[in-house]
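Listed in order, the protein sequences are those of chains F and A.
With the working numbering, letter number 4 in the first sequence gets 68, and the count goes up by one each step, no holes.
With the working numbering, letter number 180 in the second sequence gets 257, and the count goes up by one each step, no holes.
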Amino acid sequence: MKNPFEKLDKVLEHRMRLQILSVLVANEAYDFNSLKELLDVTDGNLATHIKALEREKYIATNKSFIDRKPNTRYKVTEKGRSAFRKHLDALEEVVKQQRK
Amino acid sequence: MNDPEKDIEAIRSLMERSVKFLSLSGLSGILSGVYASVGAAIAYYLLYYPRSVFQYRIESIQDQSVLTELLIVAMIVLAASLVTGYQLSKRKAQKVNMSIWNPTSRRLMLNLATPLFTGGIFILILLYNGQFGIAAPACLIFYGLALLNASDNLFDEIRYLAYSEIVVGLLGAAFPGYGLLLWFTGFGLLHIVYGAMMYKKYDA
Chain F
65 MKNPFEKLDK VLEHRMRLQI LSVLVANEAY DFNSLKELLD VTDGNLATHI
115 KALEREKYIA TNKSFIDRKP NTRYKVTEKG RSAFRKHLDA LEEVVKQQRK
Chain A
78 MNDPEKDIEA IRSLMERSVK FLSLSGLSGI LSGVYASVGA AIAYYLLYYP
128 RSVFQYRIES IQDQSVLTEL LIVAMIVLAA SLVTGYQLSK RKAQKVNMSI
178 WNPTSRRLML NLATPLFTGG IFILILLYNG QFGIAAPACL IFYGLALLNA
228 SDNLFDEIRY LAYSEIVVGL LGAAFPGYGL LLWFTGFGLL HIVYGAMMYK
278 KYDA
């Protein structure tokens, strides 16, 4: 059998990226500040990982202004959704194999 | 390499936390049930006293002033429940350093508001046309539908509360003479029972 570790998505091996994607898969859209509060992380840290996900086109960004304050909303793309699902399947396989 | 079991756990917890409005307190359910019970007791005094509440009412409300008083009681119960719900949710959110206003609560509000406003306008039209008998059950039905519509963003128990409200509302529409008793069951009793269940499970 093939090594299930190889099927894991390299981009999603950072837990925070996986967490960001989890929130976006479960919700239609989420804004930067709410994500920051939910994940309890710093601006810089969150921004770095969001950039990594954007680079892979796993998430799409929508910038707008509310009361002149910038409001950035993120959505998961189809590519991101399928990567998330595959990564989850791979994680499951890893867990199964470890239990054997 | 991360621990895959921890990854899966993190995913599960975040999906749940980001979708459900977890700040809702069971205590606000109990308290709004108490307010509704007090309101129902006042309504009983206005409508039935000294007859038994279990006696089927065959006459409808003719007196305009009684109707106004009933409406005021209902509005006070509604306002007190909303204020209590908001305050207790805010307190619960502050305890875990979360704000009460986030994408989840916004979606929750929108999902609740649509059926509630539709119901509110519908009931005003009923009252305007003198259809007093099914105004109380209509409150229950639209409230139940609103909860069902918002149940994705609420604790799972709320779905059963929603179904119960709809059933009680339909019973009320079939037996308008028991309108007050069923209104008390739906807004008083059910809120206290479900609120206590949720308080035990999520707050304590």
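Even for Gly, the Cβ is constructed at its ideal location relative to N, Cα and C.
Interface flag, residue i vs chain F, CB-CB below 8 Å
i        : result
A/Glu82  : yes
A/Ile88  : yes
A/Leu91  : yes
A/Ile85  : yes
A/Pro253 : no
A/Ser129 : no
Option in the options with minimal Cα separation from residue i
i        : options                                : result
A/Ile211 : A/Leu101, A/Arg184, A/Leu247           : A/Leu247
A/Ser158 : A/Pro127, A/Leu203, A/Gly116           : A/Gly116
A/Leu123 : A/Val244, A/Arg183, A/Thr145, A/Ile153 : A/Thr145
A/Tyr271 : A/Gly103, A/Lys97, A/Glu82             : A/Gly103
A/Arg134 : A/Met275, A/Leu204, A/Gly256, A/Thr262 : A/Gly256
A/Asn230 : A/Pro127, A/Met186, A/Ser105           : A/Met186
A/Ser105 : A/Phe131, A/Leu148, A/Ala156, A/Arg94  : A/Ala156
F/Thr136 : F/Leu110, F/Glu156, F/Asn67, F/Ser146  : F/Leu110
A/Val160 : A/Gln208, A/Ile138, A/Ser109, A/Ile149 : A/Ser109
A/Arg89  : F/Asp131, F/Ile130, F/Ile84            : F/Ile84
A/Thr181 : A/Lys277, A/Ser228, A/Gln132           : A/Ser228
F/Glu101 : A/Lys83, A/Ile149, A/Ala170            : A/Ala170
F/Lys115 : F/Lys160, F/Leu155, F/Arg81            : F/Arg81
Per DSSP, the bridge partner or partners of residue i
i        : result
A/Ile153 : For A/Ile153, which the question treats as bridged, DSSP gives no partner whatsoever.
F/Ser86  : Paired residues: none, contrary to the question.
F/Val140 : F/Ile123
F/Ser128 : F/Asn135
F/Tyr94  : F/Tyr138
Presumed contact (8 Å Cβ cut-off) between residue i and residue j, rounded CB distance
i        : j        : result
F/Asp73  : F/His151 : 4 Å
F/Pro138 : F/Ala93  : The sequence given here has Tyr at residue 138 of chain F, not Pro. The pair is a contact, with the Cβ atoms about 7 Å apart (cut-off 8 Å).
A/Tyr220 : A/Val154 : The Cβ separation is near 12 Å, so there is no contact.
A/Ile85  : A/Tyr276 : At roughly 30 Å, the Cβ-Cβ gap does not stay under 8 Å, so A/Ile85 and A/Tyr276 are not in contact.
CB contact check: residue i to chain A, cutoff 8 Å
i        : result
F/Val75  : no
F/Asn67  : no
F/Arg79  : yes
F/Ala116 : no
F/Leu155 : yes
F/Val105 : no
F/Asp131 : no
F/Val87  : yes
F/Leu110 : no
F/Glu101 : yes
F/Val159 : yes
F/Ala124 : no
F/Ala90  : yes
F/Tyr94  : yes
F/Ser98  : yes
C-beta contact flag for residue i and residue j at 8 Å
i        : j        : result
A/Val173 : F/Asn91  : no
A/Ser166 : A/Gly265 : no
A/Pro81  : F/Val158 : yes
A/Ile243 : A/Ile218 : yes
A/Ile235 : A/Leu222 : no
F/Leu76  : F/Ala124 : no
A/Leu258 : A/Val130 : yes
F/Val140 : F/Val89  : yes
A/Pro214 : A/Ala239 : no
A/Asn226 : A/Asn188 : yes
A/Phe209 : A/Ser100 : no
A/Ile198 : A/Val150 : no
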